[in-house]
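Peer 1:
2 protein chains.
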Amino acid sequence: MDPILFDDSYFMKQAIQQAEMAYEKDEVPIGAVITYENRIIGRAHNQVEQLNDPTAHAEILAITAACNFAGYKHLDGCTIYITVEPCLMCFGAIQWARLSKIVYGAEEPKTGFDSKHQLQTIIPVIGGIESATCSALMKTFFQSKRN
Amino acid sequence: MDPILFDDSYFMKQAIQQAEMAYEKDEVPIGAVITYENRIIGRAHNQVEQLNDPTAHAEILAITAACNFAGYKHLDGCTIYITVEPCLMCFGAIQWARLSKIVYGAEEPKTGFDSKHQLQTIIPVIGGIESATCSALMKTFFQSKRN
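The listed protein sequences correspond, in order, to chains A and B. The opening residue of the first sequence carries number 1 in the working numbering; numbering runs sequentially from there. The opening residue of the second sequence carries number 1 in the working numbering; numbering runs sequentially from there.
#1: For a test of the three-state rule: what should DSSP assign to Lys13 (chain A), helix, strand or coil?
#2: Please work out which residues of its chain come closer than 7 Å, Cβ to Cβ, to Ala93 (chain A), disregarding the five sequence neighbours upstream and downstream, and give them in chain order.
#3: Spatial neighbours of Glu27 (chain A) within its chain, please: C-beta separation below 8 Å, excluding the five flanking residues on both sides.
#4: From B:Cys134, B:Ile40, B:Ala32, pick the residue whose C-alpha is nearest to that of Phe6 (chain B); which is it?
#5: Below 8 Å CB to CB, which residues in the same chain sit around Phe11 (chain A) once its five sequence neighbours on both sides are set aside?
#6: Taking the alpha carbon of Pro86 (chain B) as the reference point, which residue from B:Gly77, B:Lys73, B:Gln120 has its own alpha carbon closest?
#7: Report yes or no: do three or more beta-carbon pairs, one from the region 124-142 of chain B and one from the region 14-30 of chain B, lie closer than 8 Å?
#8: Give the list of continuous alpha helix (DSSP H) stretches no shorter than 4 residues that lie fully inside the region 56-113 of chain B.
#9: Between A:Thr83, A:Thr55, A:Asp76, which lies nearest to Ala136 (chain A) when the distance is taken from Cα to Cα?
#10: Leaving out five residues before and five after Ile126 (chain A) in sequence, what residues of the same chain have Cβ atoms less than 6 Å from its Cβ?
#11: Around the C-beta of Arg146 (chain B), are 16 or more other C-beta atoms found within 10 angstroms, so that it is buried, or is it exposed?
#12: Given this structure, state the Cα-to-Cα distance separating Pro109 (chain B) from Ala22 (chain B), to the nearest angstrom.
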């Protein structure tokens, strides 16, 4: 496979697949994958409803999965791809995990660590990757809930 | 048992017992308990090293345990007692869990949601309960690590 295929868009589409799984289970459709040297070492989707657990956000579960795979509590050199801008809890978890890069899709003005809380980080952050698909999933989900 | 015994100090001592368990396992000694109407419905201690999981803070594990007990993703009416001021991640988790009160022991200037990040919340917060014991545990732990 051509290495050029492994760009941010490629891995975000993997995170979107996770978000779609969440959608099918009637969960807020957010997905995350964690990569190390272009390999996915953790993937997860939001499971708050299924697990009755408000901490079961995609990022938390993906970090737990990746650390389990790595056998270590830190993820130096790894990138997390998330379909929606992380909340305070997940942003904190990303910092504890020492992830080296954050890539997200849609902005989250109500709960986002940057959009809402203006929190700074030394970790490089890239937003807006495949954001149309990511935010369309969220909009469709919440519209269906209101109807 | 006299109801007056069930004050913040009583439940903080239960959280301190958890912190002591963490200390014995060579974990950063932080413990948490969650109460509903003077009954403990979740208790946990920091397990980051044991689980190789940077998200395994006492508060996260206590929330997961309490939600599991309650069979619901929200903990309205519940109080969380934590031996140390919560970090960003745990503060976010406490908000998602809709806990009704936060009681902590020792302040945490390096990572505390308030002491470090000056984050506001509508949840009532009480700090400084049994703080001498809580901070002594932390100091002894980190001193032993440096030696």
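Each residue gets a CB set at the ideal place from its N, CA and C atoms; glycine is no exception. Fair warning: this is a prediction, and the values are worked out from it, not measured in the lab.
Peer 2: Considering the structure as presented:
#1: helix
#2: Glu59, Ile60, Ile63
#3: His45, Asn46, Gln47, Val48, Glu49, Gln50
#4: B:Ile40
#5: Val33, Thr35, Ile40, Thr79, Tyr81, Val103
#6: B:Gln120
#7: yes
#8: 58-70, 88-96
#9: A:Thr83
#10: Val103
#11: exposed
#12: 21 Å
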